[in-house]
Structures are given as C-alpha cells and as structure tokens.
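Asker: Please find one structure pasted underneath; my questions will follow.
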Amino acid sequence: MKRRASNDKSAVGPSGNPGRVLPPKRSKTNQACNSCKKHKTRCEVLDVTNPNPARCHRCKVLDLPCSFEDPSYVPPIPVQPPTSQRSPLNLLARTASYASSSSPLPVSDHDMERLKLPAPPNTSWSKPKLPGTLEWLDTPIYAIQTVSMQLHGQKNEFMDQVETALGNIITQDRQESLLDIFRDKFSPWLNMAPRKPRRYNAFLRLARCLIASRLMDETTRDSIIPPLQSLTEQVVGREVFNPKPSVESVEAIAILSLWAPVGVQACARDGRLLIASAVSMAINLRLHETIQYVLRVERQGLVEGPDAPDLRDSKDKARLWLALMNVESMLCIGTGRVPPSNRTAWDYDIIQWSSIRTFESSRDSRLALLGQAYTVAETGLRIRFTNKAEIEKFYREVVNTLATLDKLSKDMIPLADAAEHERFQFFIMHIECRACRLLFLQHCIRQIRRVYARDDQTPYKVWLREVNCNGVNLPTKWGWEAVSLAEEILEDAISRPQEIAELSTAPDSVFTLISATAAYLVIIKLSTFQSQGVPLAGPSDAFLDRTVDLLKRAACGSDHVPARCAHLISALVRSYQTQIRHPPQQPHTARRDHDPTQKMLPRVSDQRPQPQPSLSLHYNSDPDHQYEHLGSMVHNGHRQQTQGLDPQLPGEGLGVGMEMNEVMNSDLMLDSDFWASFMSNLTANGEGLVGFG
10 MKRRASNDKS AVGPSGNPGR VLPPKRSKTN QACNSCKKHK TRCEVLDVTN PNPARCHRCK
70 VLDLPCSFED PSYVPPIPVQ PPTSQRSPLN LLARTASYAS SSSPLPVSDH DMERLKLPAP
130 PNTSWSKPKL PGTLEWLDTP IYAIQTVSMQ LHGQKNEFMD QVETALGNII TQDRQESLLD
190 IFRDKFSPWL NMAPRKPRRY NAFLRLARCL IASRLMDETT RDSIIPPLQS LTEQVVGREV
250 FNPKPSVESV EAIAILSLWA PVGVQACARD GRLLIASAVS MAINLRLHET IQYVLRVERQ
310 GLVEGPDAPD LRDSKDKARL WLALMNVESM LCIGTGRVPP SNRTAWDYDI IQWSSIRTFE
370 SSRDSRLALL GQAYTVAETG LRIRFTNKAE IEKFYREVVN TLATLDKLSK DMIPLADAAE
430 HERFQFFIMH IECRACRLLF LQHCIRQIRR VYARDDQTPY KVWLREVNCN GVNLPTKWGW
490 EAVSLAEEIL EDAISRPQEI AELSTAPDSV FTLISATAAY LVIIKLSTFQ SQGVPLAGPS
550 DAFLDRTVDL LKRAACGSDH VPARCAHLIS ALVRSYQTQI RHPPQQPHTA RRDHDPTQKM
610 LPRVSDQRPQ PQPSLSLHYN SDPDHQYEHL GSMVHNGHRQ QTQGLDPQLP GEGLGVGMEM
670 NEVMNSDLML DSDFWASFMS NLTANGEGLV GFG
C-alpha cells in the first residue's frame, strides 16, 4: 500500500501541481530491436511523443543502426478493453491468453512464412478425434466436398446391384459355404481379427467367394468362376475411382492383390497396382490416422468410464492399415518398386505381440514381425555403394542390416512350434524373412560388382582380389552365405509335405519368393558348370526336384501361380541338366589360363563376339518336357561371357570353395538378353507365364 501511495504522489509535484509524466511501462509483448536483442541489453524508447520512433535510446546514443528504422516495422496496437464480457473479441482474446499462458509466443520481426504453425494446446478438453471426422477449420474444402456428396446420393445403389448380380451367379447357401471356406483357409494369411459376415458389403463377399471357389471341384469351379471374375473386374473399376469408398472395399481389393484368380483365361495383371489403389483408398478414408487415435486414447486414460469411446472398430481399422502396408511390401520387394506408404514409430507401438495364445494375438504378432522384417529388408535394399572409398561404411551398414534380420529370424523360429493357433502361418512367415535376407545379399553382391567391375569386359579375377574389408573377401563371403541360405530356404519349404493343403491357400507372393530362391540356385549351378565344367556339390539337385514337386501338388489348377512357378523352375533345371549331359568343348584360348605367365594378361582375343544360335524350344504335350532343349540355348548363346576364367584364387583348395569363387561372376545372372530370350521362348506357343504373379 505504501508503494502504491508513493507512486501516486510521484504523479504530481510537491505543490500538488501536475509534474513530469512518467512514461508508461513497456508491455512485455513489445520486442527489443535486433541490436539490443543480439547483445541482450535493455531496449528503451524514451521519445514517447513520437508515434514512430526512429531509434531506441541505446542505438541513438551509440549511433548504431536500429531495426525500428525499418519502414516495415509496425508498432504494437494497444488492446482496448472490451465493452462487453460476452463479445466475440473478448472471447477470442481470452482464448488466446489461455492458450499462451504456459508458453507465451512472442511476436517476431522475421518473415512470417518461415515460421512453423504452432502446435495445438495440450489441454484437458482436447480429446482425440476419430479419424474421418470432418475438420471444417483444417480441411474446409474436403468438408464441403464430403457433405455435398452425401447430400447428392445418400444410398449406395451400386452395391445393391452387385448384391443382385452375385445372387444370380451363386445361391445364398453357396455364398455362405464359400465365405466359411475363406474364413478358415485364407483369412489367417491376412492377419486381421475375424469379423462377422454381416459386416461384409457385397464387394467384399464377392472377392472372398471368388478366391475361395478355387478349392471347389473342377466342374463347379468352371461354371461359377468366369462370371464371378467378370463381375469382380467391373466392381474394381468402379470402386477404385469412388471418392468415398468403404473400408470393406479396401479390404476386398487387398485380397484380390494377394491372390490371382484361378480357373479363368490368363490375363495380364499386376498385384502391385491393385494394392497401390487399396492404399490410396485407405488414405482417403484416413485409416493411417487410426493408429495415432487409438494410442492417444489409451495414453490419456480415456479407455474407461461412461464416456469412453468404443475402440474395437478403430483397432480393426488400424490392423487393416498395417495389413495393407505388409501386403504392399510383399508385392513390391525385389521388383524395383518402392512402396508409397511409409511406416512410422506409431505403427510399431500399436501392436502388443508378447502373447500368442489367442487367434487375435497370434495374428497381431505376425502383423508386427512381418512389418519389421520387410521394413529392414527395404531399408537394406536402398543401401548404395558408389565408390571404393566407401567400402568400410558400406560393409558396416550391411553387417548391421544382416544382424537385425538375424535377430528377427531368431524371434520367429520358436513361434511355429510354440503358437497354439495357425502354426503353419508362423512357419511361412519365417521363410519370408529368410527370403528377404537372400534378396539383400544378392543386392550387396551386385553393388560391389558395379563399383569394382565398371564394365563387362573386366575379368572377374582382376577385381575380385580388391574387394577386401577387415581381411574378408566380401564377394566370396556373401556369395557363400547366399548359396547356403538358398538351400536352407528350399529345405524348409519341402520339410512339411503333410501340410500341402494349407500351402495351396498361401498368397501368391509366397510362391514367388520360393521360385526366386530356386531360380537363383539354378543360375548359380549354371554359372559354376559353365566356368569350371564340374557341377556344384551339395544337395541342391534334390532340393530343386522336390521343390518342383511341392509346387505342382500345391497348385489348384494349371493357371495357379505355384503351377507356373513349377514350370519355370523345371525349365531352368532342364537347362542345367542338358548342359551336364552334353558338356561343351573347352575353347583353345581357355587353356592359356593354366600358364602362370599368361594368367593376368588381358584377353583381347577372347572377347570376340561369337555368332548367336537361333533359339527355339520344342514343346511336348507333357508340361514337364516342354523345356527339353533350353539348355543348348543357354550354353551356346552365353558361353562367351564366362569362358577363360581362372580356375581358382591363389591359396584356395579344390572343391566347393573353388566353384564358389567362380560362381561370383554374375554376368549370366545380370544379363537381360538371357532372360529376354528365355521368356520369349517360354511364350512361343502361347502357353507361357502370361499374367504371372
């Protein structure tokens, strides 16, 4: 009170007359000039009579440039007291004051376009909003579009037409039977919680019936699959461009991307395009935001109480989004296409997979582990090796990626035996993880070859000795691991013949991974025999034969993906066997390699192009013999790429190790002409792999 009285007295002179009026205190919102702010000194403007002061007191005394001289400087406008406590201006001012009470936002004189938008206040009344809720302030255009579409057509008449057409093709009883087959045989591969059929729309029921019909007898299948496939194509074309699709339609397109139709005329299709459409539709529905919504509700303790939201539907949508990303990775890995969706840290926190006692927890664990495996593999496939100076950095990145994949593999191994439900799905998940590791090893070997062998004319032995890091020859080490891993994958694939019925329902990408592993092993054997004239030792021949037999028995029809994979592997195996039965004559120039004085001389004469033979395949009525003469094409057309190589590295013994060094000449594997001629001859009679995968 005394201080207030003294302040009041100081406002007038000793005689009661008004004295010098003290300048009012500066508001804390008035910022200092740039010079005072830089030196952290007090900034004062003493000339209060001038509404636009040119300089502050310090800059004026020190004769320094002041930011207040900038014409763009606008002095703060004093806030007038509102006339009414309930006026809009007062409410807005109080809201802004409450939002900035914890951390006031100073007014900056910098360019406003460079400032980030402030985060919303973390207050008790800011509850998480359900994804899909219209945001009139954040997305006003989207809100207007959504409301206008809802007013235009409130009933989905198209799905009613699909429902009628589906009923005309198959009866209601058969629909229920096919839906039960899909639920028991195919749903476990989706890794989503089971739902009641009443929640399926007509499109989802159509997709499930189409895929499940492959398990019916041939007569019934031939009568219902063509009209089902025709109806499906019409619905897909309509739903992909639907601005407001349903969640069930997204799931239906994901199902169609995983399983190609069986029992219809082969047509060109790409599952990657279908899953990309499904992901785009899911983003339009904002399914990718459901994970954040569920986690925020759980972390804020809003899962209990009378006003607690029902999270069952949101968790199902979160699982669908995770499943879409996994399917996208399954279909894109090893194809050169990068999945458009990106995983975030939220995606790894939503799944609690410590328990595998129930169907739901088992599928959640596979969702999490598969997502981690494909994420690590995709990250590894993006590692690039550009110059020799980066060999140590490249080696460390590769070792870290392999260690992460090995850890995931160890986590997956016991689940196939410890799980109480769907053990075979855990078993196949482990095969997928190891196949990802094999693809990554092949990628690393290709990266090394592109740096150390700048062109195809460089002999393999010239640059092989240079690729050493920490005393390890990387091509030999990783090549050995790749061959051993390929054999182990095939060994695991054929280890459970009693579960062939479950294998026949696996997604097409599983058979593609097994086929790619077998093809890699056959090409390794071809390269070894072409360079050394002796076959690669080991059980690979038996593994390949049993893999072909396994895929044939798993096929539901001649146009099923495992049947096509079996034909492809059989063609490569017969090429290899044909070369062994008819070994080529050793060129005269190759004998020069045994002369130590001539080993490292450039082979200019050896690189003369040889005439290419005419490529032709003589097909037999038996599909197993339609690739009989492929081996001569492989040998005669590409022998010059691997001839004249050194028999072994100094200090290395005979046997498989010697052959492994020669195998690392990957010219044959990377030769696009070989695969082009191979595929053109497969499709010469119109019975090739059209629409494969």
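In our numbering, each residue carries its 1-based index in the sequence shown increased by 9. Every residue gets a Cβ at the ideal spot worked out from N, C-alpha and C, and that includes glycine. The model shown is predicted, which means the values in this text are computed figures rather than measured ones.
Strictly by DSSP, which residues pair up with N482?
Answerer: Paired residue(s): N477.
Asker: How close, in whole Å, do the beta carbons of L294 and V256 come, if the pair is a contact with beta carbons under 8 Å?
Answerer: Right, their Cβ atoms sit about 6 Å apart.
Asker: What's the C-alpha gap between A428 and I440?
Answerer: Between A428 and I440, the C-alpha separation is close to 16 Å.
Asker: Looking at the structure shown, is H430 part of a helix, part of a strand, or coil, going by DSSP?
Answerer: H430 falls in the coil class under three-state DSSP.
Asker: What is the rounded straight-line gap between the Cα of L101 and the Cα of V306?
Answerer: Annotation note: pLDDT 32 at L101 (below 50); position unreliable, coordinate value reported separately. So the alpha carbons of these two residues sit roughly 28 Å apart.
Asker: Got a sec? Which residues, its chain only, sit under 6 Å from N706 by beta carbon, not counting five neighbours each side?
Answerer: Residue 706 lies beyond the range of the chain shown here (10 to 702); nothing can be said about it.
Asker: Span of the alpha helix (DSSP H) holding D531?
Answerer: Checking the sequence, you will find Val at residue 531 rather than Asp. From DSSP, the alpha helix (DSSP H) with V531 extends over D517 to Q541.
Asker: Do A563 and L512 count as a contact pair if the criterion is CB distance below 8 Å?
Answerer: Yes, the Cβ-Cβ distance between L512 and A563 is below 8 Å.
Asker: Specify whether the segment 403 to 414 and the segment 494 to 502 touch according to this definition: at least 3 beta carbon pairs, one from each stretch, less than 8 Å apart.
Answerer: Cβ pair count under 8 Å is below three, so no.
Asker: Report the three-state DSSP secondary structure of G345 (helix, strand or coil).
Answerer: Note: G345 maps to coil in three-state DSSP.
Asker: When we look at the beta-carbon of K49 and count the other beta-carbons within 10 Å, is it buried (16 or more) or exposed?
Answerer: By the 10 Å Cβ count, K49 comes out exposed.
Asker: If you reduce the DSSP assignment to three classes, tell me which class E53 lands in.
Answerer: Coil.
Asker: Quick one: what's got a C-beta closer than 7 Å to C478's C-beta in the same chain, skipping five residues either side?
Answerer: I400, E401 and Y404.
Asker: Using only the alpha-carbon positions, how far apart do F436 and Q539 sit?
Answerer: Taking the straight line joining both Cα atoms gives about 36 Å.
Asker: Give me the residue from Q381, I365 and V460 with the minimum Cα distance to A398.
Answerer: Residue V460 is the option with its Cα nearest to A398.
Asker: From this set, D193, A327, C218 and L522, which residue's C-alpha is nearest Q184's C-alpha?
Answerer: If we check each option's Cα against that of Q184, C218 comes out closest.
Asker: Going by Cα to Cα distance, which pick from L340, L188 and I533 is closest to L545?
Answerer: Minimum Cα distance to L545 is reached at I533.
Asker: Since D358 is in the alpha helix (DSSP H), which residue starts that stretch and which ends it?
Answerer: A354 to D358 is the span of the alpha helix (DSSP H), which, as asked, contains D358.
Asker: Express the C-alpha separation of A263 and S289 in angstroms, rounding to a whole number.
Answerer: Taking the straight line joining both Cα atoms gives about 11 Å.
Asker: Output needed for T526: all residues of its chain with C-beta closer than 7 Å, excluding positions within five of it in sequence on either side, in chain order.
Answerer: Answer for T526: A444, L447, A495, I498 and L499, listed in chain order.
Asker: Tell me the rounded alpha-carbon separation between L379 and S418.
Answerer: So the alpha carbons of these two residues sit roughly 10 Å apart.
Asker: Grab me the residues of C453's own chain with a C-beta within less than 7 Å of its C-beta, minus the 5 sequence neighbours each way, in chain order.
Answerer: Excluding residues within five positions, the ones whose Cβ falls inside 7 Å are V407 and W487.
Asker: Who are the Cβ neighbours of L240 in its own chain at under 8 Å, not counting the five residues just before and after it?
Answerer: Excluding sequence neighbours, L240 sits near V171, A174, L175, I178 and L215.
Asker: Which residue's Cα is closest to the Cα of F195: T180, S222 and Y209?
Answerer: For the residues T180, S222 and Y209, the minimum Cα distance to F195 belongs to S222.
Asker: By Cβ distance, which residues of its chain are closer than 8 Å to D325, with the 5 residues on each side in sequence left out?
Answerer: Closer than 8 Å at the Cβ level, and outside the excluded window around D325, lie M201, A202 and R204.
Asker: Would you kindly check if the distance between the Cβ of N351 and the Cβ of R383 is under 8 Å?
Answerer: With the sequence shown as reference, residue 383 is identified as Tyr, and Arg is not the correct amino acid for it. No, the pair does not count as a contact, with Cβ atoms beyond the cut-off.
Asker: Three-state secondary structure (DSSP) at M703?
Answerer: Given a span of 10 to 702 for the chain in the structure shown, any question on residue 703 remains unanswerable.
Asker: Please confirm whether Q451 and A491 have their CB atoms less than 8 Å apart.
Answerer: It is a contact, given that the beta carbons lie within the stated cut-off.
Asker: On the three-state DSSP scale, how would you describe V273?
Answerer: Three-state result, V273: coil.
Asker: How about L376 and R432: are their beta carbons less than 8 Å apart?
Answerer: Contact flag unset, no.
Asker: Can you say whether F449 is buried or exposed, counting buried as having 16 or more other CB atoms within 10 angstroms of its CB?
Answerer: The residue is buried, with at least 16 neighbouring Cβ atoms inside 10 Å.
Asker: Taking T537 as the reference, give the member of R308, R247 and Q586 with the closest Cα.
Answerer: The option with the nearest alpha carbon to T537 is Q586.
Asker: Identify which residue in K46, K69 and K47 has its Cα closest to the Cα of V54.
Answerer: For the residues K46, K69 and K47, the minimum Cα distance to V54 belongs to K69.
Asker: By Cβ distance below 6 Å, which residues in the same chain neighbour L559 in space, the five residues on each side in sequence not counted?
Answerer: Excluding residues within five positions, the ones whose Cβ falls inside 6 Å are I503.
Asker: For F250, count neighbouring C-beta atoms within 10 Å of its own C-beta (all shown protein chains included) and say buried if the count is 16 or more, exposed if not.
Answerer: Exposed: under 16 other Cβ atoms inside 10 Å.
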